[in-house]
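What follows is a single structure, written as structure tokens, with notes after it.
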Amino acid sequence: MTPLLPIGLAAAACLLAPFAVRLGPARAGWLLGLAPLLATAWLLAQLPAVAAGAPPTWVHPLLPDLLGADVALAFRLDGLALFFALLVTGIGALILPYAGRYMADDPHVGRFLAFLGGFMTAMLLLVLSDDLVTFYIGFELTTVASFLLIGFKHSAAAARRAARQALLVTAIGGLALVLALLLLAEAAGTFRLSELTTRRADLAAAATYAPALALVVLAAFTKSAQFPFHSWLPNAMEAPTPVSAYLHSATMVKAGLFLLARLSPVFSGDPLWDGLLQTFGAATALVGAWMSLAVTDLKRVLAWTTVLALGLFTFLLGLGTPAALDAFFAFVLVHALYKAALFMLVGALDHATGERRLTHLHGLRRALPTLALAAALAGASKAGLPPLLGFASKEATYLATLDGPAPALHTALALVANAALVATAFLVALRPFAGPPPPHPPHRPGPALRLPTLALGLAGLLLFPLTATLGRHLVEPALAAALGRPASTHLAPWHGLTPELALSAATVALGWLLYRFADPLRDSAPTRLAYRVLAVAPDRAWARLELATFAVARWTVSVLQQGRLRRYVGFTLAAIGAVLVFTLWRNKILPDPPDLSEAPFYEWVLVALMLAATLAAAFLRPTLRAVLALSAGGFVNAILFLVFGGPDLAMTQFLVETLLVVIIVLTFARIPPTPEPEGPASRAAQAVLAAALGGGVAMLGLAALTEPFSTDLATYFGERSYTEARGRNVVNVILTDFRALDTLGEIAVVALAGLGIYLLLVTRARSRP
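Take the sequence shown: its letters are residues 1 to 769, numbered as in the numbering used here.
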């Protein structure tokens, strides 16, 4: 079995979704969830092989010798790929049943489930790719899938704006990534990720190393919502809740983290890499921590805590130590479980009560006991309370900061970030269920909304005793792939009485204080000011940038697209002429004038006739006379071809000139005259354009004639025409075999021209009385 199996199963779920909904949306969700469930089972079965250093691979060559290397469809299931693939499929197996029930009343639920399946496929393509080209395709497909899902409720202006913002911000990162990957491939001489990460010395010696590093960081920062690109993520809450649950836990935002982890063996330890990741990761974590306490909408609270977590993830990757990466993988796993559970909880509460605001939800524990239990488990894991997996993750984070280069500063950052996670865990998981019951009891959500939420909440509890086992079989292979060398994990359910335990206790105490004073803190002047500066201002800046972009686009269209063919042709020729003249000037192409002393008299006559025809075309009016004069010049040029031994070119030129005159004459007969006023400035501009374009082409032609003539092609075609194409006429073989597609295109052009002439003649005949 190959790594293609999970991708194929996810793609099957995507393709079958529109048909499966005919069984009913809820049933379709459970049925489609079998595909990622099977993929999860297969991935789990590969744990021993991956841990033993024998990752399953699959390679199919595509493009040989591109930039000195081979491009292939290559997939590899190493420890890092397996870790993220399990998150994608495992959580996807629960998201699809949940989504089928949540969106059951939507008439386009089949399309929605198909988009979710496409999201899963794109993410699996990304994490399993071992080739830079397929890796980039997966990276960009996650952007497209998130755009479709965030803007699924496209009738709402807010959803359209959020989808557009997510698309454009992450597309900027996509453009940066493709440049970075090309620079890395050229420097390393390979498109294979598994080979790229072993050629650090070659890459570090390349002049393109620093630009590639900066572009990779930019791509990851836009994808994983790092400050100052963070505002698109809270706005993406306009998406249906199943999208938010999947996007925040296992797909879109994890793509940037995967990119950083995958290329960590190449860049980790570089001061620029470490500095950027630590600085922006810390800033993002602090922004997310403060903003998560400044909002009341439960989905936005969770969105800002995702920003917090993403900043902490990036910060840990920036530390780059084995302990930091150990904590990174533990935290990614815990975050995926509790974040998906809490988003699904909020969706279920919204479905049951029609409300998502903290200030309007209370006393739901008796009416919704299953959701209350799921909330308690997921919230406790988020807060890092024992005996849940989040406790082990939090201790690993403190171990990494205490072992880092600046333990006091880094530990303080982790303490503040974790305290905010504790406070928001209590806000989301405790407040809606505490207090007096609501005046209007909610309706009870169906099993498809309750059971997946409870399953994810229980996962943090059931996996806690298996922390060490998870560390050895799941985290250690991922850790080795991210470090580029074997490493051991320190994950365990209990480390005894350690400084990390004391910090965990202090975190819970500080988080509880933040929770108790969350309302006055939210309403305080500093928090309101911070919200305007850190949340509202970046969003407004983006809105202004978007409006300015549209204004420039409208102005450009108003200038370039005025419905005048002459203007279109003029702009096109001006662009060609500018490029041509710049190229000649940049490369100092100034050929010597040709020796015309031995030119025979009849050649001078032909050149004089061609010049006369050209001047006549420039000055004759009306336009039809100019066209006939220009065509006369073309016929003279065909005679030149005959003189210099090119009868085939001459015949083609005669045919083209004849067809051109016929088409233009028939066209002019049907088009009413619409003369454009031409002043001196317009004529001067046209003269400059004609001189630049004509002179540039002439200079280029003369320069080409000064180059030594190579007979390599003639020799190549002469030697292979008979042996490979079984033809003795070399010209015919070139046209029908070596240049078959080009010849087919020429035939198509002539056929279309003939069809156009026929239609014009038929139309003219029918229009006569």
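Quick reminder that beta carbons are idealized off the backbone N, C-alpha and C, glycines included.
Since this is a predicted model, take the numbers as computed values, not measurements.
State the beta-bridge partners of residue i as determined by DSSP.
i, result
"residue 75", "58 and 129"
"residue 297", "357"
"residue 192", "131"
Leaving aside the five residues before and after residue i along the sequence, list all residues of the same chain whose C-beta is less than 7 Å from its C-beta, in chain order.
i, result
"residue 232", "165, 166, 169 and 225"
"residue 228", "538"
"residue 471", "489 and 491"
"residue 626", "617 and 620"
"residue 571", "560"
"residue 581", "692 and 696"
Would you tell me roughly how many angstroms separate the C-alpha atoms of residue i and residue j, rounded to the nearest one?
i, j, result
"residue 230", "residue 116", "23 Å"
"residue 48", "residue 7", "21 Å"
"residue 577", "residue 28", "59 Å"
"residue 58", "residue 128", "10 Å"
"residue 541", "residue 219", "20 Å"
"residue 482", "residue 379", "29 Å"
"residue 648", "residue 697", "23 Å"
"residue 619", "residue 760", "29 Å"
"residue 374", "residue 454", "5 Å"
"residue 579", "residue 121", "42 Å"
"residue 384", "residue 299", "21 Å"
"residue 682", "residue 735", "43 Å"
"residue 552", "residue 614", "39 Å"
"residue 424", "residue 513", "11 Å"
"residue 529", "residue 548", "26 Å"
"residue 421", "residue 415", "10 Å"
"residue 699", "residue 689", "15 Å"
"residue 410", "residue 284", "14 Å"
If you run the structure through DSSP and keep just helix, strand and coil, what is residue i?
i, result
"residue 528", "helix"
"residue 485", "coil"
"residue 270", "coil"
"residue 357", "strand"
"residue 625", "helix"
"residue 737", "helix"
"residue 567", "helix"
"residue 105", "coil"
"residue 248", "helix"
"residue 405", "coil"
"residue 351", "helix"
"residue 92", "helix"
"residue 418", "helix"
"residue 153", "coil"
"residue 264", "helix"
"residue 235", "helix"
"residue 562", "coil"
"residue 310", "helix"
"residue 653", "helix"
"residue 588", "coil"
"residue 542", "helix"
With burial defined as no fewer than 16 other Cβ atoms inside 10 Å of the residue's Cβ, what is the status of residue i: buried or exposed?
i, result
"residue 149", "buried"
"residue 257", "buried"
"residue 507", "buried"
"residue 516", "exposed"
"residue 602", "exposed"
"residue 195", "exposed"
"residue 264", "buried"
"residue 3", "buried"
"residue 469", "exposed"
"residue 235", "buried"
"residue 95", "buried"
"residue 392", "buried"
"residue 54", "exposed"
"residue 103", "buried"
Below 6 Å CB to CB, which residues in the same chain sit around residue i once its five sequence neighbours on both sides are set aside?
i, result
"residue 446", "101"
"residue 282", "315 and 413"
"residue 176", "215, 218 and 219"
"residue 81", "127 and 128"
CB-CB under 8 Å to residue i, same chain, minus the five flanking residues each way: which ones, in chain order?
i, result
"residue 159", "150, 151, 152, 153, 238 and 239"
"residue 249", "87, 91, 335, 336, 337, 339, 340 and 343"
"residue 429", "342, 345, 375, 376, 378, 379, 380 and 382"
"residue 139", "126, 174, 177, 219, 223, 255 and 259"
"residue 272", "210, 213 and 214"
Taking 8 Å as the cut-off, is the CB of residue i close to at least one heavy atom of the ligand ADP?
i, result
"residue 421", "This structure lacks the ligand ADP; in fact it carries no ligand of any kind."
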